[in-house]
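In what follows, a structure is listed as structure tokens, so that the remarks can point back to it.
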Amino acid sequence: MAPAQAALASEHDPIRVMIVDDSVVIRGLIARWIKETPGLDVVSTQRDGQSAVNAVDAVRPDVVLLDIEMPVMDGMTALPLILEKRPKTKVIIASTLTTRNARISLKALSMGAVDYIPKPEGNHGVTTSADFRKDLIEKVLGIGSKTRPALRARLNPVSPASPATGTASQGISLHQSEAQIQTVPFSRVPPRILAIGSSTGGPQALTRLIKEISPSLDRIPTVITQHMPKTFTGILASNLAAVAKRPCKEAEHGEVLKAGAIYVAPGGLHMVLKKDADRAVVSLEDSEPVNFCKPAVDPMFDSVASIFGPATLALILTGMGHDGAQGVVKIQGAGGSVIAQDEATSVVWGMPGAAAQSGKCSAVLPIDMIGQKVNQLLGRFS
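Per this note's numbering: the sequence shown = residues 1 to 382.
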């Protein structure tokens, strides 16, 4: 087969998945789900980390589903060894939802894992959880498709964007192979709040971003909605506080936003802002999921736009789906500015891709350039 033909064939091949779990029941169940899904294929199942490390070179997985607690070698020990052998392999941590495992899962993200998925307790919990099956398949498809351009195009029709910004006077059109990404001018009003939405790959992106922009955040509050279960969001806030070296916490209902502080939406609740005289107050709402998410980015963005209008600066970072795209339109319509993360530095270019495709962003940038731009915008008005 000619090289060009081989490349074309591999692009259309199914996503290759390795399952690593010490439960034979769970290995078999997940393997069946994956085999039943078009575009996915199980290339290996292993009962412990050592077996996975030994097999990974031979089976060449695109995605590894990795349990944490296993005999012989646990997931955290196996993770760097797998990535050392197969640096381009995407590792998703799959573990039961406990505080300890939440901390370990977030640590795994800092070590190179791309995402995590909480497993229900016990074999029966996994067997009967339709939500777990749906989430797992979506994550494997969304993350694995990054290695398959043809499959990614079918799953996510938004076309790739090159870094682009709108100047203070006019937008810039970038003509791509499939679509046109249009940007709009940045607001001339000094930002009075920074609002950030993220999902898959978000903890890693947030850590890099917050560390870079923290010195510029003294004069404004920052609000973050990251798609996460409740057990995870408090730990994420603590981790961000450590890198930011400033107050960062799970938001509490009724508290007044303070300049210099960072507020993270608690898992299982939407975080929106309400106006009280000249103050912005947190309201945590136990309402229906939005875009299948709770917390969701759209309600937060909508409320920020209604209170801060043209003084809003928002960022939409890596993540699956399209949560935040509607809020981006609201923010731009109120005169505010939005920056979306580019495809190359996103784990999944779903949320930022949908925002970019709306034509309402003022820039589409790599994560490191987002930090530079935020510092520039906040420094300009200080």
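A virtual CB, placed ideally from N, CA and C, is assigned to each residue, including glycine.
How about residue i: is its Cβ closer than 7 Å to a heavy atom in the ligand MN?
i      : result
Met369 : Looking at this structure, you won't find the ligand MN or any other ligand, since it has none at all.
Which residues bound the alpha helix (DSSP H) around residue i?
i      : result
Ser105 : 99-110
Leu81  : 75-85
Leu317 : Element bounds for Leu317: n/a, residue is neither H nor E.
His436 : No answer is possible for residue 436: the residues shown for the chain start at 1 and end at 382.
Ile331 : 325-333
Glu212 : 202-213
What distance in whole Å lies between the Cβ atoms of residue j and residue i, which are believed to be in contact at a cut-off of 8 Å?
i      : j      : result
Asp41  : Arg16  : 6 Å
Thr233 : Glu250 : 6 Å
Gly324 : Val297 : 4 Å
Gly336 : Leu313 : 7 Å
Thr89  : Asp62  : 7 Å
Val374 : Ser216 : 7 Å
Kindly list the residues whose CB is nearer than 6 Å to the CB of residue i, restricted to its own chain and excluding five residues on each side of it in sequence; keep chain order.
i      : result
Leu83  : Gly112
Ala2   : Residue placement at Ala2 is poorly supported in this model, since its pLDDT is 41, which falls under 50; the coordinates still yield a value, given next. Cβ within range, chain order: n/a, list empty.
Gln204 : Leu109
Pro118 : Leu97, Pro229
Lys85  : Val56, Asp57
Pro50  : Checking the sequence, you will find Gln at residue 50 rather than Pro. Val72, Met73.
Asp21  : Arg27, Asp67
Ile307 : Leu273, Lys275, Ala280
From residue i to residue j, what does the alpha carbon distance come to, in whole angstroms?
i      : j      : result
Ile143 : Glu285 : 30 Å
Gly254 : Tyr263 : 13 Å
Ile196 : Asp278 : 22 Å
Val64  : Thr147 : 13 Å
Cys248 : Pro221 : 10 Å
Val158 : Gly353 : Residue confidence for Val158 is low, a pLDDT of 43 falling below 50, so the modelled location carries little weight; the figure read from the coordinates is stated next. Their backbone Cα atoms lie some 6 Å apart in a straight line.
Ala344 : Ile68  : 29 Å
Ser23  : Pro14  : 25 Å
Arg192 : Ala259 : 9 Å
Val282 : Phe292 : 22 Å
Do residue i and residue j have their CB atoms nearer than 8 Å?
i      : j      : result
Val329 : Ser287 : no
Gly75  : Ile93  : yes
Met73  : Asp48  : yes
Gln332 : Val184 : yes
Ser199 : Met351 : yes
Leu240 : Met228 : no
Pro310 : Val223 : no
Val304 : Leu273 : yes
Thr225 : Ala265 : yes
His322 : Pro295 : no
Gln186 : Leu29  : The sequence given here places Phe at residue 186; Gln does not occur at that position. No, they are not a contact pair.
Gly39  : Leu206 : no
Might you give, ordered along the chain, the residues of its own chain that have their beta carbon closer than 7 Å to the beta carbon of residue i, omitting 5 neighbours on each side?
i      : result
Ile370 : Leu209, Leu315, Ile339, Gln341
Ala214 : Residue 214 is actually Ser in this sequence, not Ala. The answer, listed in chain order, is Ala244, Lys245, Arg246.
Pro120 : Val126, Ser129, Phe132
Leu384 : Since the first and last residues shown for the chain are 1 and 382, residue 384 lies out of range.
Ala355 : Ile316, Gly324, Ala325, Val328, Val338, Ala340, Cys361
Asn101 : Ile68, Ser95
Among residues of its own chain, excluding the 5 on either side of residue i, which ones have a beta-carbon nearer than 8 Å to its beta-carbon?
i      : result
Trp33  : Arg133, Leu136, Ile137
Leu106 : Tyr116, Pro203, Phe232, Ile235, Leu236, Asn239
Gly201 : Val114, Asp115, Leu317, Thr318, Gly319, Ser346, Val347, Val348
Val43  : Arg16, Val17, Met18, Val59, Arg60, Pro61
Thr99  : Thr231, Ile235
Check for me: the beta strand (DSSP E) holding residue i runs from which residue to which?
i      : result
Lys249 : 248-250
Lys119 : 115-119
Ala340 : 337-341
Thr231 : Thr231 -> not in any beta strand (DSSP E); alpha helix (DSSP H) instead, spanning 230-244.
Gly49  : Where Gly49 is concerned, there is no enclosing beta strand (DSSP E), although the alpha helix (DSSP H) it sits in stretches over 49-59.
Determine whether the Cβ of residue i lies closer than 8 Å to any Cβ atom of chain B.
i      : result
Leu141 : No chain B appears in the structure shown, which is made up of a single protein chain.
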